[in-house]
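Trainee: The structure is given below, and queries will be raised subsequently.
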Amino acid sequence: MPRGRASAPAAGTILNALATGVGSAFAIDADTTATVELDVSTGGDTAERAATGSDAGVGDGVTGAITGEVAGVPDADTRLVERCVELVAAAADVSLDAAHVRTESEIPMAAGLKSSSAAANATVLATFDALGVRVTDDPTDEGATADAISRVDACLLGVQAARDAGVTVTGAFDDASASMLGGLTVTDNEQDTVLHRDTPVWEVAVWTPPEQAFSADADVERCRAVAPMADLAADLALGGQYGRAMTVNGLAFCAALEFPTDPLVTAMSDVTGVSLSGTGPSVVAVGDETGVETVADRWAARAGETWLTTTKTDGGRQG
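Using the UniProt record's numbering, the first residue of the sequence shown is number 1, and each one after it goes up by one.
This is the structure:
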């Protein structure tokens, strides 16, 4: 039975895409790992079924059950990772009798740290790994195999799976692209295009309160009301002023989603940028080691978990 393994990192927010469709995120050093086992059948053309959608388990060239599990979370919703396997099988024109996905994660769920995007990316990469298909920055490079697929195309399969599974409002291409590609991306989530990429090197502080907030439950109309501030943040990010973009975004979306701004205000003088991450509840700050550690010490007095990490430039990895 073919078996594949891959990992993909979490991400923090520069700009939430809910207001205008333009978003920005950056990868951070906390990973989700997926292990996929496939029972490959002997035939069947699956490509034409890729866009039809299906309930978790059967569809897109899968004649048996696709099952999923999240380590340590026995009641977790696994429709997203199951759909990822279906879409990869269809893209590779492979028919499956069955499949199983197991994910393990360092990323807290429903915390605004892109756990769904990381899980989708890791599952897509692991499924291709099980099929012997390499995912590469440029599949036209010398030495790439004929069946190689680009990182962006692999990422888009996970984005489609997220839309099909209903775990995202925008498709979250900003979050998914940062996780898959590494570094920082600015994207148009309506067109699923990367507008800008960079690889800033920051220390990162994360504060995650005890509560959870699911992206699909966010008040989209209130987020759209802060579109002028989102446009400003987009201009700043596209101009390389990532910290300012991040802080403008954080203040705007804390107001829109009714999160307190105090964790941001108390951090601003010490770091390059600070923001609500995603639709919350986590808050993320970036900057140099001294400033970020100062903020982390301050946040540690609050309920919840505070931790330190760094930006990550290498994105998702097979094997």
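Even for Gly, the Cβ is constructed at its ideal location relative to N, Cα and C. Since the model is a prediction, treat every value here as computed from it, not as a measurement.
On the premise that residue 270 lies in contact with residue 291, defined as a C-beta separation below 8 Å, what is that separation, rounded to the nearest angstrom?
Mentor: About 4 Å; that satisfies the 8 Å criterion.
Trainee: Using the DSSP secondary-structure output, state which residues sit across from residue 78 in a beta bridge.
Mentor: DSSP, once it has assigned bridges, lists no residue as partnering residue 78.
Trainee: Measuring from the CB of residue 314, is there a heavy atom of the ligand ADP at a distance below 7 Å?
Mentor: Among the components of this structure there are no ligands whatsoever, and the ligand ADP is therefore not found.
Trainee: Since residue 118 contacts residue 35 with CB under 8 Å, what's their CB separation in whole angstroms?
Mentor: No, residue 118 and residue 35 are not in contact; Cβ-Cβ is about 14 Å, not under 8 Å.
Trainee: Please list the terminal residues of the continuous beta strand (DSSP E) segment that includes residue 307.
Mentor: Start and end: 305-310.
Trainee: Assign residue 180 to buried or exposed, taking buried as 16 or more other Cβ atoms, counted over all protein chains shown, within 10 Å of its Cβ.
Mentor: Buried.
Trainee: What is the DSSP secondary structure of residue 207, reduced to helix, strand or coil?
Mentor: Strand, per DSSP.
Trainee: Is residue 149 close to chain C? Criterion is C-beta to C-beta, closer than 8 Å.
Mentor: Of the protein chains in this structure there is only one, and it is not chain C.
Trainee: Mapping DSSP to helix, strand and coil, what is residue 97?
Mentor: The answer is strand: DSSP assigns residue 97 an E or B state.
Trainee: Assign residue 167 to one of three DSSP states: helix, strand, or coil.
Mentor: Coil at residue 167, not helix or strand.
Trainee: Run the CB neighbour count on residue 3, radius 10 Å, all protein chains shown included, and call it buried at 16 or more, exposed below.
Mentor: Under this definition residue 3 is an exposed residue.
Trainee: Looking at the strands, I want to know which residues DSSP matches up with residue 36.
Mentor: Residue 36 is bridged to 4 and 101.
Trainee: List the residues that DSSP assigns as beta-bridge partners of residue 9.
Mentor: Answer is 31, bridged to residue 9.
Trainee: In its own chain, which residues sit with a C-beta less than 6 Å from the C-beta of residue 56, not counting the 5 before and 5 after it?
Mentor: Low local confidence applies: a pLDDT of 38 at residue 56 is under 50, so the model's placement there is unreliable, with the coordinate-based value given in what follows. So the qualifying residues of the chain are 79 and 82.
Trainee: Three Cβ pairs or more, each shorter than 8 Å: is that satisfied between the stretch 221-230 and the stretch 188-204?
Mentor: No contact exists between the stretch 221-230 and the stretch 188-204.
Trainee: With 16 other CB atoms within 10 Å as the buried threshold, where does residue 101 fall?
Mentor: Label assigned to residue 101: buried.
Trainee: Alpha carbon to alpha carbon, how far is residue 278 from residue 286? Give it in angstroms, no decimals.
Mentor: Spanning the two alpha carbons is a distance of roughly 15 Å.
Trainee: With a 10 Å radius around its C-beta and 16 neighbouring C-beta atoms as the bar for buried, classify residue 301 as buried or exposed.
Mentor: The residue is exposed, with fewer than 16 neighbouring Cβ atoms inside 10 Å.
Trainee: For a quick check, are the C-beta atoms of residue 38 and residue 111 less than 8 Å apart?
Mentor: For residue 38 and residue 111, no; Cβs fall outside 8 Å.
Trainee: By Cβ distance below 7 Å, which residues in the same chain neighbour residue 304 in space, the five residues on each side in sequence not counted?
Mentor: Cβ neighbours of residue 304 beyond the five flanking positions: 207, 208, 209 and 210.
Trainee: Keeping to the same chain, check which residues put their C-beta closer than 7 Å to that of residue 1; ignore five residues upstream and five downstream.
Mentor: Contacts found: 37, 38 and 39.
Trainee: Report all residues from its chain with a CB closer than 6 Å to the CB of residue 105; omit the five preceding and five following residues, and keep chain order.
Mentor: So the qualifying residues of the chain are 32.
Trainee: Which residue comes first and which comes last in the beta strand (DSSP E) that contains residue 197?
Mentor: Residues 193-198.
Trainee: Nearest-angstrom Cα distance between residue 318 and residue 115?
Mentor: Spanning the two alpha carbons is a distance of roughly 18 Å.
Trainee: DSSP three-state label for residue 16, please.
Mentor: Coil.
Trainee: Across which residues does DSSP place residue 275 in a beta bridge pair?
Mentor: Residue 275 pairs with 284.
Trainee: Which residue from 185, 266 and 311 puts its Cα closest to that of residue 239?
Mentor: Per the Cα distances, 185.
Trainee: For the alpha helix (DSSP H) holding residue 127, just list the boundary residues, first then last.
Mentor: Where residue 127 is concerned, the enclosing alpha helix (DSSP H) stretches over 115-130.
Trainee: Would you mind giving the Cβ-Cβ distance between residue 148 and residue 120, rounded to the nearest angstrom? I have them listed as a contact below 8 Å.
Mentor: Residue 148 to residue 120, Cβ: 20 Å. No contact.
Trainee: Beta-carbon separation of residue 257 and residue 219 under 8 Å?
Mentor: For residue 257 and residue 219, yes; Cβs fall inside 8 Å.
Trainee: Leaving out the 5 sequence neighbours to the left and right, which residues in its chain are closer than 6 Å to residue 10 when beta-carbon positions are compared?
Mentor: 28, 30, 107, 113, 114 and 118, listed in sequence order.
Trainee: If I measure Cβ to Cβ from residue 307 and keep anything under 6 Å in the same chain, skipping five residues before and after, which residues do I get?
Mentor: Cβ neighbours of residue 307 beyond the five flanking positions: 206.
Trainee: Excluding the 5 residues flanking residue 255 on each side, which residues of the same chain have their C-beta closer than 8 Å to its C-beta?
Mentor: The residues are 226 and 261.
Trainee: Name the DSSP bridge partner or partners of residue 316?
Mentor: According to DSSP, which records beta bridges pairwise, residue 316 is partnered with nothing at all.
Trainee: Let's see if you can read the secondary structure: which residues bound the alpha helix (DSSP H) around residue 291?
Mentor: 289-299 is the extent of the alpha helix (DSSP H) around residue 291.
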